[in-house]
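Trainee:
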Amino acid sequence: MLIRVGLVSYPRSRPLSFSSRSQGSQPSWGSLYRAGSGFQPGLRSSPSLGRLGPTAYPSGLSGSFLLSSLPSLEIDPALHQLRSAEKEQIKGLNDQFVSFIDKVSRGSLHVPSFPRYEDEINRRNQLENEFVLTKKDLDDLYLQKVDIESKLESITDEINYLKQLYDEEIRELQSQIQNTQVTVEMDNSRELEMKQIIDKVKAQYQAMAAKSREEAEQWYKHKFDDMVTQARKHNDEMKSIKSEIAELNRYAQRINADIEALKNQRANLESAIALAEEQGEQAVRRAKDTVQELDEALKGAKQDMARKVREYQELMNIKLALDMEIATYRKLLEGAPSQVWGGQTQDWNHGVRW
95 MLIRVGLVSY PRSRPLSFSS RSQGSQPSWG SLYRAGSGFQ PGLRSSPSLG RLGPTAYPSG
155 LSGSFLLSSL PSLEIDPALH QLRSAEKEQI KGLNDQFVSF IDKVSRGSLH VPSFPRYEDE
215 INRRNQLENE FVLTKKDLDD LYLQKVDIES KLESITDEIN YLKQLYDEEI RELQSQIQNT
275 QVTVEMDNSR ELEMKQIIDK VKAQYQAMAA KSREEAEQWY KHKFDDMVTQ ARKHNDEMKS
335 IKSEIAELNR YAQRINADIE ALKNQRANLE SAIALAEEQG EQAVRRAKDT VQELDEALKG
395 AKQDMARKVR EYQELMNIKL ALDMEIATYR KLLEGAPSQV WGGQTQDWNH GVRW
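According to our numbering, the sequence shown is numbered sequentially starting from 95.
1) Could you tell me which whole beta strand (DSSP E) segments of length 3 or greater appear in the region 347-419?
2) Which of helix, strand or coil does DSSP assign to residue 429?
3) Given that a residue counts as buried once 16 or more other Cβ atoms are within 10 Å of its Cβ, and exposed if not, what is residue 417?
4) Closest to residue 214 by C-alpha separation, out of 352, 320 and 343, would be which residue?
5) With C-beta atoms as the reference, is residue 176 less than 8 Å away from residue 384?
6) Of all the options 180, 184, 189 and 196, which has the alpha carbon lying nearest to the alpha carbon of residue 375?
7) Could you check the C-alpha separation between residue 308 and residue 289 for me, to the nearest Å?
8) Count the other C-beta atoms from every protein chain shown that fall within 10 angstroms of the C-beta of residue 259, then say buried if there are 16 or more, exposed otherwise.
9) Compute the distance between the beta-carbons of residue 314 and residue 228, then report whether it is under 8 Å.
10) Assuming residue 182 and residue 349 make a contact with CB atoms under 8 Å, what is their CB distance in whole Å?
11) Expressed to the nearest angstrom, what Euclidean distance is found between the alpha-carbon atoms of residue 424 and residue 415?
12) Can you tell me the Cβ-Cβ gap for residue 245 and residue 316, rounded? I've got them flagged as a contact below 8 Å.
13) Cα separation between residue 221 and residue 364?
14) Please state if the CB of residue 268 and the CB of residue 335 are separated by a distance shorter than 8 Å.
15) Tell me whether the beta-carbon of residue 391 lies closer than 8 Å to the beta-carbon of residue 194.
16) Between the alpha carbons of residue 299 and residue 311, how many angstroms are there, rounded?
17) Could you check the C-alpha separation between residue 388 and residue 185 for me, to the nearest Å?
18) Tell me the rounded alpha-carbon separation between residue 421 and residue 403.
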């Protein structure tokens, strides 16, 4: 059986780089390229291979043998470093996203004075309660003031009434004395010798009138002094109540001012909280968009990696087939005589008997 083998020299193209180091540092990706350890150590990879004709496998060699004879291979370390960096970046973004969500849920983002806001709310409620109690006390004091004013008015009316009564009694006593004198004069007209009796009776009546007048004056004076003292006492109480009312009014004004300030502060804090929530939502949306973009980029990188792996496997299969074919040709050429015409490589014709 004769076999005609034709060898043609081809120009060198750009070298094809293949990595044939052992797979030891990447167990996660090595399973994609691990094909066994049955490769012939005598066959070395050619740095430059031209496009040959149809692949001729020797008898007994099949595609499964070619795949099983592949050595342990790995991808470029730069791709592994890039993938590790992408993993670390995605992990860091996930941690930041979880921390940010936690901060937003606690409501502590951009609102460091939230405990102070709660203290201000409690203080405001306390001041409102004090204001209600103060207003109640003020109403009670006002009712007491009205009661005291009515009592003072009634006492003043009573004093005026007693003065009028005192004047009436004095006038009545004076009229009685005058009537007694008239009666005495009428008795004198009878020309009776009763001058001593009249003088005695007159002195008695005068003494009685003076005593009655003195007693009435003393009683009314004592009564008037008591009323004046009571009126002064009520007047002092009235002044004290008025001063207390004025102080309570000033205190109520201060409380109202504090309440207005707290309301304004509360409105500012609510606006700050709303702004912080809005910023938090925007940051969450941006983080979600970033995570989505990274996921899409990772998915694209994985697809690109899978495509490159497939291309790499195809190239390795072609390389292995070419190496096997070259080795076969080399064995065939080792037993045949060589002939050279004109210094150039020509077709070699030799017969090999099987």
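Don't be surprised by glycine CBs; every beta carbon is placed ideally from N, CA and C.
Mentor: With the structure as the only source:
1) none
2) coil
3) buried
4) Nearest of 352, 320 and 343 to residue 214, Cα basis: 352.
5) no
6) Comparing Cα-Cα distances from residue 375 to each of 180, 184, 189 and 196, the minimum goes to 196.
7) 27 Å
8) exposed
9) no
10) About 59 Å; that fails the 8 Å criterion.
11) 14 Å
12) About 20 Å separates the two Cβ atoms, so there is no contact after all.
13) Straight across, the Cα-Cα distance linking residue 221 with residue 364 is about 20 Å.
14) no
15) no
16) If you draw a straight line from the Cα of residue 299 to the Cα of residue 311, it is about 17 Å long.
17) 11 Å
18) Their backbone Cα atoms lie some 26 Å apart in a straight line.
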